[in-house]
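S.K.: In the working numbering, the protein residues as written are 4 to 225.
Don't be surprised by glycine CBs; every beta carbon is placed ideally from N, CA and C.
The structure presented is a predicted model; accordingly, all values stated were derived computationally and were not measured.
Quick look at the structure:
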């Protein structure tokens, strides 16, 4: 069984560098078809049951956050930011292009880390990366904390929200991009912007997703 010895080369070979639909200032290595890439990744790694290649697509929440950051650069100018569950690194790249001092991108998927580095190079920015599940530990020291499309699974959503609450407790603003995933904590959100974002129809329930950017607010009485 052939094994992937150079993840960067695999990513660049199996995707195409193209503009992000809702943030065309940014180019990413993106896949045209999810299942083919997922199957090829499993076959070449010799592992079944791998997570989907989230890193190979510009998801609605990430696109909305990227657009919001690019349109409001004062939000990030001169600040350190964290791109949580970074996937392709889209949010962090937007922050760096908008003038952030630094970005630290975190994901549990090693391919997401490689894709983030490749995409950062493609856009001429520098991003530090970390492959880890950081939700059980202390929140990072950062000026702004971004996360997109993380509320699609209840177990993950519960764990992430508890972590985000600890992040808020440190005084760090948390911004969320989301198209209305099932476990979005709607009662905890302050709306900042609304967009209609082009997405891959085969991965979503439509080809255009109404997607919002929110600020997470503390729990009542917290």
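Quick check on residue 132: does DSSP put it in helix, strand or coil?
M.R.: Walking along the chain shown from the start, residue 132 turns up at place 129. Looking at residue 132 - three-state DSSP - the assignment turns out to be strand.
S.K.: Tell me whether residue 91 is buried or exposed, calling it buried when 16 or more other Cβ atoms sit within 10 Å of its Cβ.
M.R.: For the purposes of this step, residue 91 is taken as the residue at position 88 of the chain shown. Result: buried.
S.K.: Using only CA atoms, which one of 157, 221, 202 lies nearest to residue 213?
M.R.: If you number the chain shown from 1, residue 213 lands on position 210. Checking every option, the nearest Cα to that of residue 213 belongs to 202.
S.K.: Quick test of your reading: residue 108 and residue 150, contact by CB under 8 Å. State the CB separation rounded to the nearest angstrom.
M.R.: Here the question's residue 108 lines up with position 105 in the chain shown. Here the question's residue 150 lines up with position 147 in the chain shown. So it is not a contact: roughly 11 Å between Cβ atoms.
S.K.: From residue 41 to residue 61, what distance separates their C-alpha atoms?
M.R.: As a working note, residue 41 is residue 38 in the chain shown. As a working note, residue 61 is residue 58 in the chain shown. Bear in mind that a pLDDT of 49 at residue 41, under 50, signals an unreliable position, so the number given afterwards is only what the model happens to contain. Looking at the two C-alpha atoms, the distance is approximately 16 Å.
S.K.: State the Cα-Cα distance for the pair residue 191 and residue 221, rounded to the nearest angstrom.
M.R.: Along the chain shown, read from residue 1 onward, the residue named residue 191 stands at position 188. Along the chain shown, read from residue 1 onward, the residue named residue 221 stands at position 218. So the alpha carbons of these two residues sit roughly 7 Å apart.
S.K.: Is it buried or exposed, residue 70, if we count other Cβ atoms within 10 angstroms and call 16 or more buried?
M.R.: Translated into the one-based positions of the chain shown, residue 70 becomes position 67. Flag for residue 70 reads buried.
S.K.: Can you find at least 3 beta carbon pairs, one from the stretch 165 to 181 and one from the stretch 139 to 149, that sit closer than 8 Å?
M.R.: Touching, yes.
S.K.: Terminal residues of the continuous beta strand (DSSP E) containing residue 180?
M.R.: Within the chain shown, numbered from 1, the residue matching residue 180 stands at position 177. Segment 177 to 181, the beta strand (DSSP E) holding residue 180.
S.K.: Nearest by alpha-carbon distance to residue 169: which of 8, 16, 139, 11 is it?
M.R.: On the chain shown, position 166 is the one that residue 169 refers to. Ranking the options by Cα distance to residue 169, first place goes to 139.
S.K.: By DSSP, does residue 49 sit in helix, in strand, or in coil?
M.R.: Sequence index remark: in the chain shown, residue 49 carries index 46 (1-based). Because residue 49 carries a pLDDT of 49, less than 50, the predicted location of this residue cannot be relied on, and the following value inherits that uncertainty. DSSP places residue 49 in coil when its eight states are reduced to three.
S.K.: Looking at the structure shown, is residue 198 part of a helix, part of a strand, or coil, going by DSSP?
M.R.: Taking the chain shown and counting its residues from 1, one reaches residue 198 at position 195. Reduced to three states, the DSSP call for residue 198 is strand.
S.K.: At which residues does the alpha helix (DSSP H) containing residue 148 begin and terminate?
M.R.: One-based indexing of the chain shown puts residue 148 at position 145. Premise fails: residue 148 lies in the beta strand (DSSP E), 147 to 151, not in any alpha helix (DSSP H).
S.K.: So what's residue 17 in DSSP terms, helix, strand or just coil?
M.R.: In the chain shown, counting from the first residue as 1, residue 17 sits at position 14. Here residue 17 sits in helix by DSSP.
S.K.: Are at least three pairs of beta-carbons, each pair with one atom in the stretch 150 to 164 and one in the stretch 10 to 26, less than 8 Å apart?
M.R.: Too few Cβ pairs lie closer than 8 Å, so no.
S.K.: Taking just the CA atoms, how far does residue 166 sit from residue 115?
M.R.: In the chain shown, the residue the question calls residue 115 occupies position 112. In the chain shown, the residue the question calls residue 166 occupies position 163. Going by the C-alpha atoms only, they are around 21 Å apart.
S.K.: Can you name the start and end residues of the beta strand (DSSP E) that residue 163 belongs to?
M.R.: If you number the chain shown from 1, residue 163 lands on position 160. Unbroken run through residue 163 is the alpha helix (DSSP H), 157 to 172; no beta strand (DSSP E).
S.K.: So which of 63, 143, 172 has the shortest CA-CA distance to residue 210?
M.R.: Taking the first residue of the chain shown as 1, we reach residue 210 at position 207. The shortest Cα separation from residue 210 among 63, 143, 172 belongs to 63.
S.K.: Going straight from the alpha carbon of residue 121 to that of residue 32, what length do you get?
M.R.: Residue 121 sits at position 118 when you count from the first residue of the chain shown. Residue 32 sits at position 29 when you count from the first residue of the chain shown. Taking the straight line joining both Cα atoms gives about 8 Å.
S.K.: List the residues that DSSP assigns as beta-bridge partners of residue 111.
M.R.: In the chain shown, counting from the first residue as 1, residue 111 sits at position 108. Its beta-bridge partners do not exist; DSSP assigns none.
S.K.: DSSP three-state call for residue 217: helix, strand or coil?
M.R.: Position 214 of the chain shown, counted from the start, is the residue given in the question as residue 217. In the structure shown, residue 217 sits in a strand (DSSP, three-state: E or B).
S.K.: Can you name the residues that DSSP bridges to residue 211?
M.R.: Walking along the chain shown from the start, residue 211 turns up at place 208. Beta-bridge pairing links residue 211 to 201.
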